[in-house]
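Asks:
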Amino acid sequence: MSEADFSLIQLRGFIAVAQEQHVGRAAARLGMTQPPLTRQIQALERSLGIALFDRTGRGLSLTEAGRTFLVDACRVVDLADAAPAAARRIAAGDSGTLRLGFTAIAAFAVLAEVLAAVSELSTAIHVELTEQVSQAQCEAVRAGVLDLAVVRPPVPDDLVSTRIHVEDVVVAVPQSDARWGGGTEVSLAEVAAGRTGYSPEGDPQVRGVCAALLPVDDLVQGQVTTQVSTMLALVGSGHARALVPRSCAAMQVEGVRFCELAAADRQQVELWAAWRESNTNPVLQRLVPVLRARSTG
1 MSEADFSLIQ LRGFIAVAQE QHVGRAAARL GMTQPPLTRQ IQALERSLGI ALFDRTGRGL
61 SLTEAGRTFL VDACRVVDLA DAAPAAARRI AAGDSGTLRL GFTAIAAFAV LAEVLAAVSE
121 LSTAIHVELT EQVSQAQCEA VRAGVLDLAV VRPPVPDDLV STRIHVEDVV VAVPQSDARW
181 GGGTEVSLAE VAAGRTGYSP EGDPQVRGVC AALLPVDDLV QGQVTTQVST MLALVGSGHA
241 RALVPRSCAA MQVEGVRFCE LAAADRQQVE LWAAWRESNT NPVLQRLVPV LRARSTG
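Residue 292 in UniProt numbering sits at position 292 of the sequence shown; the count goes up by one each step and never skips.
Structure follows, in structure tokens:
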């Protein structure tokens, strides 16, 4: 026999004898007779090639090797006892890992709500967070690197998705400019009269809104950035105005004021949750109905 050729039954028998220091009492505790328990201990010692008990005196006492083995045997049995329940929790989606991607703006707009929904399922679920632009997230979902992505539309047809957030577009303007007082509504004509920042890669939907609302020449001449934080920094320095999702106001960039678009010019942008239909992660399977129930359409 090799060192691995012993069973949980033998380990349980050894632990009982070691703790009782008596084969008869250990057998009674295990609900069996003494001879088969004695044979179990002898078979275990043969498989290990060592004596676990000192039988020279009265009763049984552990050898030095037996005391060391007892610690590990208890650990193995505890793990074996816990393993089925742990596997059932994983299979039920009560524990496990969800690999979640999100855009920078989603962190302000909806990420807290998604994380709260996961926590409501179980506090034993671990969420691995990755910030990426929408296209990179969709590629990661396809590759199985992410379970769930929070992205701007359009969502690729090969992914399943549901809309989870809608918000207004507002205008970020320099606070130093006296024309933009509290409660001021800004028309697109006023926005187009200045330089407009937008994100061509990081937020394709906002870029699309800008392209649809403003003359092409205004966009070409405007400040072009890839990160919303950079765009707002330009606004704060007085070098730009920007159409941004309302949740950007949570960034509280110094020198920036957020104004409503005039009623006739108001637009909205969305965030969608996207995943691979073939993904069998039990946590994702539990979360999807929750997201769909909270879906905005």
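Note that CB positions come from ideal geometry on N, CA and C, so glycine has one too.
1) Taking Cβ positions, are residue 341 and E167 nearer each other than 8 Å?
2) Quick one, are the C-beta atoms of I125 and S161 less than 8 Å apart?
3) For A274, which option in L8, L100 and A18 has the closest C-alpha, if you only look at C-alpha atoms?
4) Less than 8 Å separating the beta-carbons of V256 and Q175?
5) Between the alpha carbons of P154 and C138, how many angstroms are there, rounded?
6) In the structure shown, what three-state DSSP assignment does R58 receive?
7) Report the residue from L98, V269 and A26 whose alpha carbon sits nearest the alpha carbon of G59.
8) What do you get for R152, buried or exposed, if any count of 16 or more other CB atoms within 10 angstroms of its CB means buried?
9) Going along the chain, which residues of its own chain have a beta-carbon closer than 7 Å to the beta-carbon of I105, five neighbours each way excluded?
10) Indicate whether R142 and W272 have their beta-carbon atoms separated by less than 8 Å.
11) R125 by DSSP, collapsed to three states: which one?
12) Could you tell me the alpha carbon to alpha carbon distance between Q267 and S119, rounded to whole angstroms?
13) In this structure, does DSSP put I50 in helix, strand or coil?
14) Is V290 closer than 8 Å to L243 when the C-beta atoms are compared?
15) F53 and S61 - do their beta-carbons sit closer together than 8 Å?
16) Considering only the alpha carbon of each residue, which of A172, Q10 and A87 lies closest to V76?
17) How long is the line joining the alpha carbons of H165 and L121, rounded to whole angstroms?
18) Just mark S134 as buried or exposed, buried being the case when its beta carbon has 16 or more other beta carbons within 10 Å.
19) Considering just the uninterrupted stretch of the beta strand (DSSP E) at D168, what are its terminal residues?
20) What number of angstroms, rounded off, separates the C-alpha of S295 from the C-alpha of V186?
21) Do G24 and Q34 have their beta-carbon atoms positioned less than 8 Å apart in this structure?
22) So what does DSSP say about A116, is it helix, strand or coil?
23) Just to confirm my understanding: we take D217, look at its own chain, exclude 5 residues before and 5 after, and list those with CB closer than 8 Å. What are they?
24) Under a three-way DSSP split, which group does P156 fall into?
25) If you follow the beta strand (DSSP E) that Q268 is in, where does it begin and where does it stop?
26) Count the other CB atoms, across all protein chains shown, that sit within 10 Å of the CB of D147; report buried if there are 16 or more and exposed otherwise.
27) So what's T236 in DSSP terms, helix, strand or just coil?
28) Report yes if the CB atom of C259 is closer than 8 Å to the CB atom of V171, and no otherwise.
29) For L287 and M251, what's the separation of their Cα atoms in angstroms?
30) Touching or not, the region 31–45 and the region 8–22, by the rule of three or more beta carbon pairs under 8 Å?
Replies: Well, looking at it:
1) Residue numbering for the chain in the displayed model covers 1 to 297; residue 341 lies beyond these limits and cannot be assessed.
2) Going by C-beta atoms, I125 is not nearer than 8 Å to S161.
3) L100
4) yes
5) In this structure, the straight-line span from the alpha carbon of P154 to that of C138 is close to 11 Å.
6) coil
7) A26
8) buried
9) D203, V228, P245, S247 and C248
10) No.
11) A quick correction: the sequence has Ile, not Arg, at residue 125. Here I125 sits in strand by DSSP.
12) 33 Å
13) coil
14) no
15) yes
16) Q10
17) 20 Å
18) buried
19) V160 to P174
20) 30 Å
21) yes
22) Shown here, A116 sits in a helix according to DSSP, grouped into three states.
23) For D217, the predicted structure reports a pLDDT of 46, less than 50, and the residue's modelled location is therefore unreliable. A value from the coordinates is still provided. There are no such residues.
24) coil
25) Q268 to W275
26) buried
27) The sequence shown places Gly at residue 236, not Thr. G236 falls in the helix class under three-state DSSP.
28) yes
29) 28 Å
30) yes
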